[in-house]
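A quick write-up on the structure given underneath.
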């Protein structure tokens, strides 16, 4: 409401400007006529100068007409599409479901922003008119939930599937099996030695385990702004804190996993950390390292045997469900067998489906959302 | 004497050689980048189609024969098939599917055609269906808003500062700040746009209006600096002559100085707009990095721009998006070349 007031003020400004110019223009024509009679008088040159100024005012009025048009068209808007914001790990899935949802139910295609888990939740909880849903690669924290509630926002949580963090290597290298403890030894900033914590001294892999290869520790992984990083750090957490080392052994790749894949393909003796979909797309050229002796695969991640796996979440606003029937429709599509089932279209995009019991649970939750809407 | 001449000649020869070498090096880099982009990007302009055979054409309506060629309709294949047909990449295809594709190939039921969808479709998560139309329209709308903000304000500021403003400490300070602003990293303008246009004015988040205003702020100092340079290059004798003949300062400005400076002004404006067209960083801050699959129809609709779409595609895991990314870069380069061409044309026109 506040912005509307401002807008109308601005409109007045534009409306008053146009007749002003016309008025002056008449003056100008009159003065020019008089000036033609006394060409050398001082007043004529003044009038001409004004004429030029008025021509420029006309020029300005073109631009102001444009702005007028912009602010008038603001009112003419079709029903806005659903909006989602959050993790870039969930982004491709949410966008894909959005397209299918749109084609199936003839709804506008939802707008999906990949801005990171934290920023997404902030937007979601910041304002009742904010995004309709948040996509996260970790569950919402207690503080975030409280912030949401303080804004009067009610929401429902959905786990849409699982994702794995895969340690990849070039196919030419010899693979070796790591444990989470080895990873902590290789990548943590501080490692325990006896009773105390010391700065990580490991330079090559064989310093951690004798049978590991001799090449230096170089790991390309996600940057600290991503939820993927949070999950990875939490999983390999040791006794001496969760910070990763900054001496060049762990190299942060900015939010583009294709770059990590390219790097691994071109640089020998390096390891990369990517999400499952990127490994899946480049399976023919890459090698996955087993963690704790378990190779990443759809079944091992689904069952939770593979240690570096995590669930992916979507949160949907449930305020005034009656006014937003497409919210329920969207999440019903998201939890359908078509999308997240064993042979669903999201599986092709690299999402690992939940176990069938969990899938039905999520499906029921989504359907309840719709039936709850009819009760309100 | 002769020996000094010799050394001077040798120096000149060396200087020329070094210049030629650096030119060659620059061309080599340019050629390398362009070659790589064209090489990876040109397959994006073609798509694979599979024929869907009409089983009983005699049952269809009479006019159907004009839409069906040899009783078949060509339908775009999936991205896996596309990749296999173009580059022999197996990907997620099963051996059974590969066999099917090979047999279709032998029967002539699969073909490669020009990918018109790449230019007429908007963004999609499926690389075979994704196109640049939405991004292109968004870019043009955003650029239009940028032009409408930066051009009048920038030119006005430059004219005032160059011709009317008194030379004192305050204007010196303003001048220094404008020059500094021209070199500020563009992402800071994104932050400014986020705080002012979105949080303070409450304008809709990923819209061409906010994007254009932010880019307008970004290109404003560049336009001011370029315009001032163009204005100051107009010979002062011309101004003095006009003043001496009794013209007012405003007449001098608009009848003589501005027309003389116009080529320089237009070049500055169009070059800064070209920079705004290729900018992503400030748009990241104001939420234009989104999946928006419907092209905008007004300035307040959710909008994405071409560079942001390229950025989004480059982050996708599907192999098909690699060539789409390069293809979109090619289109962006062509648009930029056209803009620069217009700049040269306008300059030539005003000069003559």
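Protein chains in written order, with my numbering: chain A, 1 to 376; chain B, 377 to 728. Glycine included, each C-beta is placed from N, C-alpha and C at the ideal position.
Quick one: what does DSSP say residue i is sitting in, helix, strand or coil?
{"i": "residue 720(B)", "result": "helix"}
{"i": "residue 550(B)", "result": "helix"}
{"i": "residue 361(A)", "result": "helix"}
{"i": "residue 175(A)", "result": "coil"}
{"i": "residue 272(A)", "result": "strand"}
{"i": "residue 204(A)", "result": "strand"}
{"i": "residue 429(B)", "result": "strand"}
{"i": "residue 125(A)", "result": "helix"}
{"i": "residue 352(A)", "result": "strand"}
{"i": "residue 490(B)", "result": "strand"}
{"i": "residue 423(B)", "result": "strand"}
{"i": "residue 214(A)", "result": "coil"}
{"i": "residue 267(A)", "result": "coil"}
{"i": "residue 506(B)", "result": "coil"}
{"i": "residue 623(B)", "result": "coil"}
{"i": "residue 725(B)", "result": "helix"}
{"i": "residue 42(A)", "result": "For residue 42(A), the predicted structure reports a pLDDT of 44, less than 50, and the residue's modelled location is therefore unreliable. The matter cannot be settled from this model."}
{"i": "residue 188(A)", "result": "strand"}
{"i": "residue 394(B)", "result": "helix"}
{"i": "residue 462(B)", "result": "helix"}
{"i": "residue 471(B)", "result": "helix"}
{"i": "residue 500(B)", "result": "coil"}
Strictly below 9 Å CB to CB, what residues from chain A border residue i?
{"i": "residue 663(B)", "result": "85, 113, 115, 123"}
{"i": "residue 678(B)", "result": "80, 81, 83, 111"}
According to DSSP, residue i sits in a beta bridge with which residue or residues?
{"i": "residue 163(A)", "result": "310(A)"}
{"i": "residue 250(A)", "result": "219(A)"}
{"i": "residue 170(A)", "result": "286(A)"}
{"i": "residue 315(A)", "result": "134(A), 157(A)"}
{"i": "residue 113(A)", "result": "85(A), 666(B)"}
{"i": "residue 524(B)", "result": "Partner(s): none; residue 524(B) has no beta bridge."}
{"i": "residue 240(A)", "result": "BP columns for residue 240(A) are empty, so no partner."}
{"i": "residue 193(A)", "result": "196(A)"}
{"i": "residue 545(B)", "result": "BP columns for residue 545(B) are empty, so no partner."}
{"i": "residue 449(B)", "result": "428(B)"}
{"i": "residue 678(B)", "result": "583(B)"}
{"i": "residue 294(A)", "result": "291(A)"}
Whole-angstrom Cβ separation of residue i and residue j, contact assumed at under 8 Å?
{"i": "residue 657(B)", "j": "residue 563(B)", "result": "4 Å"}
{"i": "residue 588(B)", "j": "residue 674(B)", "result": "So it is not a contact: roughly 13 Å between Cβ atoms."}
{"i": "residue 260(A)", "j": "residue 220(A)", "result": "5 Å"}
{"i": "residue 574(B)", "j": "residue 530(B)", "result": "So it is not a contact: roughly 23 Å between Cβ atoms."}
{"i": "residue 498(B)", "j": "residue 509(B)", "result": "5 Å"}
{"i": "residue 113(A)", "j": "residue 663(B)", "result": "6 Å"}
{"i": "residue 286(A)", "j": "residue 264(A)", "result": "7 Å"}
{"i": "residue 413(B)", "j": "residue 428(B)", "result": "Not a contact, Cβ separation roughly 34 Å."}
{"i": "residue 227(A)", "j": "residue 117(A)", "result": "4 Å"}
Could you tell me which chain B residues have their CB closer than 7 Å to the CB of residue i, listed as they occur along the chain?
{"i": "residue 109(A)", "result": "669, 670"}
{"i": "residue 277(A)", "result": "693"}
{"i": "residue 60(A)", "result": "528"}
{"i": "residue 63(A)", "result": "524, 528"}
{"i": "residue 96(A)", "result": "501"}
{"i": "residue 99(A)", "result": "500, 501, 669"}
Please list the partners that residue i has in chain B, where partner means a Cβ-to-Cβ separation under 8 Å.
{"i": "residue 105(A)", "result": "Within chain B, no residue comes near residue 105(A); the closest Cβ sits about 15 Å away, beyond 8 Å."}
{"i": "residue 92(A)", "result": "501, 692, 693"}
{"i": "residue 66(A)", "result": "524"}
Applying a beta-carbon distance threshold of less than 9 Å, which residues of chain B neighbour residue i?
{"i": "residue 200(A)", "result": "Here the premise fails: no neighbours, minimum Cβ distance about 31 Å."}
{"i": "residue 334(A)", "result": "In chain order: nothing, as chain B lies at least about 14 Å away."}
At a threshold of 8 Å, does residue i count as lining the ligand PLP (C-beta to nearest heavy atom)?
{"i": "residue 647(B)", "result": "This structure lacks the ligand PLP; in fact it carries no ligand of any kind."}
Name, please, each residue of chain A whose Cβ falls closer than 7 Å to the Cβ of residue i.
{"i": "residue 666(B)", "result": "111, 112, 113"}
Can you give me, in chain order, the residues of the region 393-410 of chain B that have a beta carbon less than 8 Å from any beta carbon in chain A? none
Interface residues of the region 632-661 of chain B facing chain A [CB-CB below 8 Å]: none
Listed from N- to C-terminal order along the chain, which residues in the region 263-295 of chain A have their beta-carbon within a distance smaller than 7 Å of any beta-carbon of chain B? 277, 278, 281, 284
Interface positions of the region 347-372 of chain A facing chain B (Cβ-Cβ less than 9 Å), listed along the chain: 348, 349, 350
Could you please tell me which residues of the region 462-483 of chain B, in chain order, have their CB closer than 8 Å to any CB of chain A? 465, 466, 467, 468
For the region 232-261 of chain A, enumerate the residues whose C-beta is nearer than 8 Å to any C-beta of chain B, in chain order. 255, 256, 257, 258
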